[in-house]
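What follows is a single structure, written as structure tokens, with notes after it.
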Amino acid sequence: MIQLTDNLFVTADERNYIVGITRQRAGRGIVMDSPSYFTTMSQAVRYAVSLALKERVANDQITTLHQFVEEQERLQAEFIKKLEPLEG
Numbered sequence: 003m004i005q006l007t008d009n010l011f012v013t014a015d016e017r018n019y020i021v022g023i024t025r026q027r028a029g030r031g032i033v034m035d036s037p038s039y040f041t042t043m044s045q046a047v048r049y050a051v052s053l054a055l056k057e058r059v060a061n062d063q064i065t066t067l068h069q070f071v072e073e074q075e076r077l078q079a080e081f082i083k084k085l086e087p088l089e090g
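Sequential numbering from 3 applies to the sequence shown in this note's numbering.
Put into structure tokens, the structure is as follows:
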């Protein structure tokens, strides 16, 4: 499993990249809550950026449009930089 943000992770099966929040469940080990499936890592990362932004708005960490745009640009740049080695 690859950690994308503080609480978002991506894993994969033979057909998809799967993004979700992981939780430790008694007797079940680590499970992924509300998984979302994507055919490319790029789609999965875009979705993770969107979820991270929604979470920060919901938690009042982002309270203005200016903050939203700045955080979106920062997250996109961060993930683009992380993905550069995969595109070579």
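Backbone N, C-alpha and C define an ideal beta-carbon position, used for all residues, glycine too.
These numbers come from a predicted model, not from an experiment.
Neighbourhood of residue i by C-beta distance below 6 Å, restricted to the same chain and skipping five residues each side
i	result
Y19	V12, F40, M43, A46
Inter-residue Cα distance where the pair is residue i and residue j
i	j	result
T65	D35	27 Å
F70	D62	11 Å
G29	H68	44 Å
E57	R76	15 Å
Buried versus exposed, by CB contacts within 10 Å (16 or more), residue i
i	result
L10	buried
L85	exposed
8 Å Cβ shell around residue i - same chain, five flanking residues per side excluded
i	result
T24	M3, N9, F11, I32, V33, M34, D35
P37	I20, V21, G22
A50	L6, T7, L10, V12, V21, F81
L55	I64, F70, E73, Q74, L77
Bridge partners - residue i, DSSP secondary structure assignment
i	result
G31	R27
S44	Answer by DSSP bridge pairing: none, since S44 is not bridged.
V12	I4, V21
Y39	I20
Residues near residue i in its chain [Cβ-Cβ closer than 7 Å; skip 5 each side]
i	result
L53	L10
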